[in-house]
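**Student:** The structure follows.
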Amino acid sequence: MHDKTLVQLARALDAGEFSSRELTQHLLGRIDRLDGELNSFITVTFDQALAAADAADAIRAKGNAGPLTGLPLALKDIFCTRGVKTSCGSKMLDSFVSPYDATVVEKLRAAGTVSLGKTNMDEFAMGSSNENSHYGPVHNPWDLTAVPGGSSGGSAAAVAAGLVPAAMGTDTGGSIRQPAAFCGITGLKPTYGRVSRYGMIAYASSLDQAGPMARTAEDCALLLSAIAGHDLRDSTFVARGVPDYSGELTAPLSGLKIGLPREYFGDGLDPAVEKATREAIAVFESLGASVREVSLPHTHYAIPAYYVIAPAEASSNLSRFDGVRFGHRCDNPADLIDLYKRSRAEGFGDEVKRRILIGTHTLSEGFFDAYYKKAQQVRRLIRQDFLDAFEEVDVLMGPASPTPAFDLGANKDPVSMYLQDIYTIAVNLAGIPGISVPAGFVGDRPVGLQILGSHFTEARLLNVAHQFQQATDWHRRRPAFAEENA
Amino acid sequence: MALEHADVQRAAHLARLGLNDDEAAGYVDDLGRILEMVDMLQALDTDGVAPLAHPLDATQRLRADEVTESDQRDEFQRCAPAVENGLYLVPRVVE
Numbered sequence: 368m369h370d371k372t373l374v375q376l377a378r379a380l381d382a383g384e385f386s387s388r389e390l391t392q393h394l395l396g397r398i399d400r401l402d403g404e405l406n407s408f409i410t411v412t413f414d415q416a417l418a419a420a421d422a423a424d425a426i427r428a429k430g431n432a433g434p435l436t437g438l439p440l441a442l443k444d445i446f447c448t449r450g451v452k453t454s455c456g457s458k459m460l461d462s463f464v465s466p467y468d469a470t471v472v473e474k475l476r477a478a479g480t481v482s483l484g485k486t487n488m489d490e491f492a493m494g495s496s497n498e499n500s501h502y503g504p505v506h507n508p509w510d511l512t513a514v515p516g517g518s519s520g521g522s523a524a525a526v527a528a529g530l531v532p533a534a535m536g537t538d539t540g541g542s543i544r545q546p547a548a549f550c551g552i553t554g555l556k557p558t559y560g561r562v563s564r565y566g567m568i569a570y571a572s573s574l575d576q577a578g579p580m581a582r583t584a585e586d587c588a589l590l591l592s593a594i595a596g597h598d599l600r601d602s603t604f605v606a607r608g609v610p611d612y613s614g615e616l617t618a619p620l621s622g623l624k625i626g627l628p629r630e631y632f633g634d635g636l637d638p639a640v641e642k643a644t645r646e647a648i649a650v651f652e653s654l655g656a657s658v659r660e661v662s663l664p665h666t667h668y669a670i671p672a673y674y675v676i677a678p679a680e681a682s683s684n685l686s687r688f689d690g691v692r693f694g695h696r697c698d699n700p701a702d703l704i705d706l707y708k709r710s711r712a713e714g715f716g717d718e719v720k721r722r723i724l725i726g727t728h729t730l731s732e733g734f735f736d737a738y739y740k741k742a743q744q745v746r747r748l749i750r751q752d753f754l755d756a757f758e759e760v761d762v763l764m765g766p767a768s769p770t771p772a773f774d775l776g777a778n779k780d781p782v783s784m785y786l787q788d789i790y791t792i793a794v795n796l797a798g799i800p801g802i803s804v805p806a807g808f809v810g811d812r813p814v815g816l817q818i819l820g821s822h823f824t825e826a827r828l829l830n831v832a833h834q835f836q837q838a839t840d841w842h843r844r845r846p847a848f849a850e851e852n853a
Numbered sequence: 028m029a030l031e032h033a034d035v036q037r038a039a040h041l042a043r044l045g046l047n048d049d050e051a052a053g054y055v056d057d058l059g060r061i062l063e064m065v066d067m068l069q070a071l072d073t074d075g076v077a078p079l080a081h082p083l084d085a086t087q088r089l090r091a092d093e094v095t096e097s098d099q100r101d102e103f104q105r106c107a108p109a110v111e112n113g114l115y116l117v118p119r120v121v122e
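Protein chains in written order, with the working numbering: chain A, 368 to 853; chain B, 28 to 122.
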């Protein structure tokens, strides 16, 4: 059961091969046996999961099942979930039980999905390796000595290991696409504003976007259909109709124009990753697509711009964690300032403090224009690069990450860690959608192909990714860890 | 722009983040190198380029000025570290 995709599981439930309760019990058993080694979950909601599975079975018995009824998944611990601990990977929220559901959670619940729990993540989504969680690092199921990528590393590892068929992640600078690539699964970051951010604990509000992580593009389409849609509670949300993402998957790729940004194939790219990426792109040519080189000239400014904008927004967003209304509070504060300072010092980890300090510094008097305003100007140039490229081509392709998953503990320098996101970060600054699909291996470690489109072209990206997955079997490979523990 | 110990302590105070001198010293080098990387932006001519805050260049929608929420004070205060009679407790501010 744990080897099937969402679409296959839905068919099996329809055919009565097993019930949602049996499926849920099977996966809960796997989590119980295997997650000690992976650490991909922070909270497993055994009782709620079985109750939701029973409710789904009852709906199916009445003939009212929808496409997602009774299908299990997991939620990154950044999504507020009513009655369930929502820690965001932080000691600050270790005791926080959310009084409400995020819109994404509400929609998935309404669609009849069964949440098995909350997945591990870098604290407040800050990280590229999932080593910054208060709950310890997540291990990559392909190689337990490797990182799973961050910050949605728990979601990616859980899917890759067959603990759940799908999970929700969030992507602020690559946090869906990079862990999807490192764990050999499919991860979609939708257009900014496509999915409501309400109830998703904010890191950088103008960059954060929720999206699905699953084995296939077909499953991602199913999940995106469930979570996209208008939400008045998110004022940055873009009111726009939701296309039929599953309906467009089978469109042929003949005539598709693919652009390869020359900046994504330069210095710093692991030659073995480049080889796998180019071989994957050749598959598209065999499917009738044409390929040409394009340029995104401001690519190298994306990381500097991001590390002004994201920490600036984070320093503001994280000011709400002050020990007064929710979250960690220090013992015996001498006065109100002492309460704020010690609660925050005790509750936040190192990387979060680093980003709060950078953000506060760059927003402070005398520095605002030189840093924040400048970075937002550069952001417009970066976005314009993409708009210009999409005048020439339909999609862009390149590696999701310059290297495969690196070893746990291998990358201790924050600046070199930041550079890991060189191919993903500009996408968030521009707000366009991107998907990473399994496209090969370097040794035992997976490689992800990143496919980018212009704003609101998720249906096209899913179609392109699906056609690739019809022609290749990289997405069907399973780590030995999952196979040996079948 | 080089970063000094006093800059880190100033930012920490503004952010209401308690750091002792040793902890602040530990951040000086990291933050300095991050700012050095960020300083790359200064090389780019952005004269006349309007800053972009929303990636779709959209402005935030306004909603009707209507009460839409119900009273959920008790529920919201259940996760507070200290409350009394429906109020959040903090150390005395006014003597």
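Ideal Cβ placement from N, Cα and C applies to all residues, glycine included.
Please read these numbers as outputs of a predicted model, since none were measured by experiment.
#1: With a cut-off of 8 Å, does the C-beta of A/T603 fall near any C-beta of chain B?
#2: Give me whichever residues DSSP pairs with A/Y570 in a beta bridge.
#3: Classify A/E758 as helix, strand or coil using the three-state DSSP reduction.
#4: Among A/V562, A/E389, A/D538, which has the Cα closest to the Cα of A/D788?
#5: Mind checking whether A/V505 and A/G520 have CB atoms under 8 Å apart?
#6: For A/V691 and chain B, any beta-carbon pair shorter than 8 Å?
#7: Tell me whether the segment 550-562 of chain A and the segment 801-812 of chain A touch, counting them as touching only if at least three CB pairs, one residue from each stretch, are closer than 8 Å.
#8: Given a cut-off of 8 Å on the beta-carbon distance, is the pair A/S407 and A/A581 in contact?
#9: Kindly examine the ligand SAM and report whether one of its heavy atoms sits closer than 7 Å to the Cβ of A/E759.
#10: Within the segment 572-643 of chain A, note down every full beta strand (DSSP E) run reaching 3 residues or more, in order along the chain.
#11: Note down the Cα distance separating A/T583 from A/H833, rounded to an integer number of angstroms.
#12: With distances taken Cα to Cα, identify the nearest neighbour of A/L589 among A/G554, A/L620, A/K458, A/L394.
#13: Per DSSP, A/S482 is paired with what?
#14: Give the interface partners of B/R100 over in chain A, defined as CB-CB distance under 9 Å, in chain order.
#15: Under the rule that 16 or more other beta-carbon atoms within 10 Å means buried, what is A/Y324, buried or exposed?
#16: Looking at chain B, is there any beta carbon in it that lies within less than 8 Å of the beta carbon of A/Q743?
#17: Can you tell me where the beta strand (DSSP E) with B/D34 in it begins and where it stops?
#18: According to a CB-to-CB cut-off of less than 7 Å, which residues of the segment 33-49 of chain B neighbour chain A?
#19: Could you tell me which uninterrupted beta strand (DSSP E) segments, each at least 3 residues in length, are contained entirely in the segment 48-99 of chain B, listed from first to last along the chain?
#20: Fully enclosed by the segment 765-830 of chain A, which alpha helix (DSSP H) runs are 4 residues long or longer?
#21: Counting along the chain, where does the alpha helix (DSSP H) carrying A/R721 start and finish?
#22: Whose CA, out of A/P546, A/P638, A/V661, lies closest to the CA of A/E759?
#23: Who are the Cβ neighbours of A/Y790 in its own chain at under 8 Å, not counting the five residues just before and after it?
#24: Please check if any C-beta of chain A sits within less than 8 Å of the C-beta of B/A52.
#25: Between which two residues does the alpha helix (DSSP H) containing A/F395 stretch?
#26: With distances taken from CA atoms, which of A/V675, A/R844, A/N795, A/D424 is nearest A/R388?
#27: Taking 8 Å as the limit between beta carbons, can you name the residues of its chain near A/L627, skipping five residues before and five after?
#28: Thinking C-alpha only, which one of A/L616, A/D444, A/A527, A/A777 is nearest A/L401?
#29: For the segment 79-97 of chain B, which residues have a beta carbon sitting closer than 9 Å to at least one beta carbon of chain A?
#30: Can you check which of these residues, A/T436, A/A419, A/R709, is closest to A/H695 by C-alpha distance?
#31: Here's the rule I'm using: 16 or more other beta-carbon atoms within 10 Å means buried, otherwise exposed. How should A/E860 be labelled?
#32: Chain B beta carbons: is any one of them nearer than 8 Å to that of A/S522?
#33: Judging by CA-CA distance, which residue of A/V794, A/A593, A/V691 is the nearest neighbour of A/S563?
#34: Compare the C-beta of A/L555 against all C-beta atoms of chain B and say whether one is closer than 8 Å.
#35: May I have the straight-line CA-CA distance separating A/P846 from B/C106, to the nearest angstrom?
#36: Rounded to whole angstroms, what is the Cα-Cα separation between B/L114 and A/D702?
**Tutor:** The short version:
#1: For the purposes of this step, residue 603 of chain A is identified with residue 236 of the first sequence, where counting begins at 1. Using a Cβ-Cβ cut-off of 8 Å, A/T603 counts as an interface residue toward chain B, since at least one Cβ of chain B sits closer than that to its own.
#2: Within the first sequence, residue 570 of chain A is the residue found at index 203, counting from 1. A/Y570 pairs with nothing; no bridge assigned.
#3: In the first sequence, residue 758 of chain A corresponds to position 391, counting from 1. A/E758 falls in the helix class under three-state DSSP.
#4: In the first sequence, the residue the question calls residue 788 of chain A occupies position 421. A/D788 has its Cα closest to that of A/D538, out of A/V562, A/E389, A/D538.
#5: Position 138 of the first sequence, counted from the start, is the residue given in the question as residue 505 of chain A. Position 153 of the first sequence, counted from the start, is the residue given in the question as residue 520 of chain A. It is a contact, given that the beta carbons lie within the stated cut-off.
#6: If you number the first sequence from 1, residue 691 of chain A lands on position 324. True, the Cβ-Cβ gap to chain B drops below 8 Å.
#7: yes
#8: Your numbering for residue 407 of chain A matches position 40 in the first sequence. Your numbering for residue 581 of chain A matches position 214 in the first sequence. Cβ atoms of A/S407 and A/A581: not closer than 8 Å.
#9: No copy of the ligand SAM appears in this structure; indeed no ligand is present at all.
#10: 576-581, 624-628
#11: In the first sequence, counting from the first residue as 1, residue 583 of chain A sits at position 216. In the first sequence, counting from the first residue as 1, residue 833 of chain A sits at position 466. Rounded to the nearest angstrom, the two C-alpha atoms are 7 Å apart.
#12: Taking the first sequence and counting its residues from 1, the one referred to as residue 589 of chain A is at position 222. Checking every option, the nearest Cα to that of A/L589 belongs to A/G554.
#13: Your numbering for residue 482 of chain A matches position 115 in the first sequence. Beta-bridge pairing links A/S482 to A/L440.
#14: Translated into positions along the second sequence, residue 100 of chain B becomes position 73. By Cβ distance, chain A contributes nothing, its closest Cβ being about 11 Å from B/R100, past 9 Å.
#15: With chain A covering 368 to 853 only, the question about residue 324 of chain A has no answer from this structure.
#16: As a position in the first sequence, residue 743 of chain A is number 376, starting the count at 1. At least one chain B Cβ lies under 8 Å of A/Q743.
#17: In the second sequence, the residue the question calls residue 34 of chain B occupies position 7. Careful: B/D34 lies outside any beta strand (DSSP E), inside the alpha helix (DSSP H) at 32-41.
#18: D34, V35, A38, A39, L41, A42, R43, L44, G45, L46
#19: none
#20: DSSP runs (the alpha helix (DSSP H)) wholly in the segment 765-830 of chain A: 781-785, 792-797.
#21: By one-based count along the first sequence, residue 721 of chain A stands at place 354. It spans 717-730 - the alpha helix (DSSP H) in which A/R721 sits, taken as one unbroken run.
#22: Along the first sequence, one-based indexing puts residue 759 of chain A at 392. Among A/P546, A/P638, A/V661, the Cα nearest to that of A/E759 belongs to A/V661.
#23: Numbered from 1 along the first sequence, position 423 holds the residue referred to as residue 790 of chain A. Hits under 8 Å: G541, Y631, G765, P766, A767, S768, P769, Q817.
#24: The count along the second sequence starts at 1 and reaches residue 52 of chain B at position 25. Not one chain A Cβ lies under 8 Å of B/A52.
#25: Start at 1 with the first residue of the first sequence, and residue 395 of chain A comes out as number 28. A quick correction: the sequence has Leu, not Phe, at residue 395 of chain A. Counting along the chain, the alpha helix (DSSP H) containing A/L395 begins and ends at 387-405.
#26: The residue you call residue 388 of chain A lines up with position 21 of the first sequence. Looking at the Cα atoms, A/D424 is the closest of the given residues.
#27: Reading the first sequence from its first residue, position 260 is the one you call residue 627 of chain A. Counting only Cβ-Cβ distances below 8 Å, and skipping sequence neighbours, we find I648, V658, R659, E660, V661, L763, M764, G765.
#28: Here residue 401 of chain A refers to the residue found at position 34 when the first sequence is read from its first residue. Measuring from the Cα of A/L401, the nearest candidate turns out to be A/A527.
#29: L79, A80, H81, P82, L83, D84, A85, Q87, R88, L89, R90, T95
#30: Numbered from 1 along the first sequence, position 328 holds the residue referred to as residue 695 of chain A. For the residues A/T436, A/A419, A/R709, the minimum Cα distance to A/H695 belongs to A/R709.
#31: Residue 860 of chain A cannot be examined here, being either before or after the span of chain A that is shown, 368 to 853.
#32: As a position in the first sequence, residue 522 of chain A is number 155, starting the count at 1. No, because no Cβ of chain B sits closer than 8 Å to the Cβ of A/S522.
#33: Within the first sequence, residue 563 of chain A is the residue found at index 196, counting from 1. Ranked by Cα distance from A/S563, the options A/V794, A/A593, A/V691 are led by A/A593.
#34: Here residue 555 of chain A is taken as the residue at index 188 of the first sequence, counted from 1. False, the Cβ-Cβ gap to chain B never drops below 8 Å.
#35: Along the first sequence, one-based indexing puts residue 846 of chain A at 479. Along the second sequence, one-based indexing puts residue 106 of chain B at 79. Near 40 Å, if we compare the C-alpha coordinates of B/C106 and A/P846.
#36: Residue mapping note: residue 114 of chain B aligns to position 87 of the second sequence, counting from 1. Residue mapping note: residue 702 of chain A aligns to position 335 of the first sequence, counting from 1. Rounded to the nearest angstrom, the two C-alpha atoms are 18 Å apart.
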